[in-house]
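J.: Residue numbers (the numbering used here): 10 to 290.
The beta-carbon is built from N, C-alpha and C at its ideal position, and this holds for glycine as well.
So, in structure tokens, the structure goes:
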């Protein structure tokens, strides 16, 4: 997991300079991602979170990170063995919904990248075409008001829940339970002293919108799948650590005479395992 931490640090360093981002910085981020390829799911998740939470002017640099990582992976391992493009494709619609919340002048750059992906078959046509539709500001996905971070809705990169929690209007739509609740208080209400009125008709209209229900259902299914994947991943990690520990212990028993050598090296190995566990948290 050290390589994942190193990648996250490189990715966060994008904030150290204003866009446009230099080629050297993009190359460093890409190289760091290749080092962490064993944990490619974590790398993809980190990029998705960055795009979700970053300011509008950093949306396009986030897209360039995806483009650079995928192109390097396809070049280095071949399109058939590339693991990054299929992983980015899983949540690509939500990712681009966040990307299109960039500065208005940057939308043409996003379209240009999509055209290049389509031309070079980086992603399948059935993946690319729905993304072009997101360029339309009237797309149903934008009818749900963003909240949370400066650059996008308050959605976690790991589960993308709470696609629309309207702090400004007191409406909270949770993708986990799809319950609709009214927040009694909110920071924006305290600042402005006025809470916009939401009528039952508006709520009923929102509930009857098939596009909204479809989005919520999709995100709910996605969250369940993510939770299952994370649980399985943790189980696999624990099994790997147990096997490594047993292997190490057997080697120590073969090479060391007496009990004191085993105790010392086993203690050191336990420290390493404990460090990895802390990193994963």
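Mapping the DSSP letters down to three states, classify residue 79 as helix, strand or coil.
T.: Here residue 79 sits in helix by DSSP.
J.: For residue 53, collect the residues of the same chain with a Cβ closer than 7 Å to its Cβ; drop the 5 residues on either side in sequence, then sort them by chain order.
T.: Here the set comprises 93, 96 and 97.
J.: Are the CB atoms of residue 68 and residue 75 nearer to each other than 8 Å?
T.: It is not a contact, given that the beta carbons lie outside the stated cut-off.
J.: How many whole angstroms separate the CB atoms of residue 131 and residue 79, which I take to be in contact at a CB cut-off of 8 Å?
T.: That belief holds up - the Cβ atoms of residue 131 and residue 79 are roughly 6 Å apart, short of 8 Å.
J.: By Cβ distance, which residues of its chain are closer than 7 Å to residue 123, with the 5 residues on each side in sequence left out?
T.: Only 137, 140 and 141 meet the Cβ criterion.
J.: Please say whether residue 91 and residue 77 have beta carbons closer to each other than 8 Å?
T.: No; because the gap between Cβ atoms is not below 8 Å, this pair is not in contact.
J.: Helix, strand or coil: which one does DSSP assign to residue 30?
T.: Note: residue 30 maps to coil in three-state DSSP.
J.: Tell me the DSSP secondary structure of residue 10 in three-state form.
T.: Residue state, collapsed to three classes: coil.
J.: Compute the minimum distance between the beta carbon of residue 231 and the heavy atoms of the ligand PLP, and state whether it is under 7 Å.
T.: Questions concerning the ligand PLP fall outside what the structure shown contains, since it holds no ligand whatsoever.
J.: Please confirm whether residue 66 and residue 113 have their CB atoms less than 8 Å apart.
T.: No.
J.: Note down the Cα distance separating residue 287 from residue 14, rounded to an integer number of angstroms.
T.: In this predicted model, residue 287 has a pLDDT of only 43, less than 50, meaning its place in the structure is not dependable enough to derive any value.
J.: Taking the beta carbon of residue 103 as the centre, do at least 16 other beta carbons fall within 10 Å, making it buried, or is it exposed?
T.: Label assigned to residue 103: buried.
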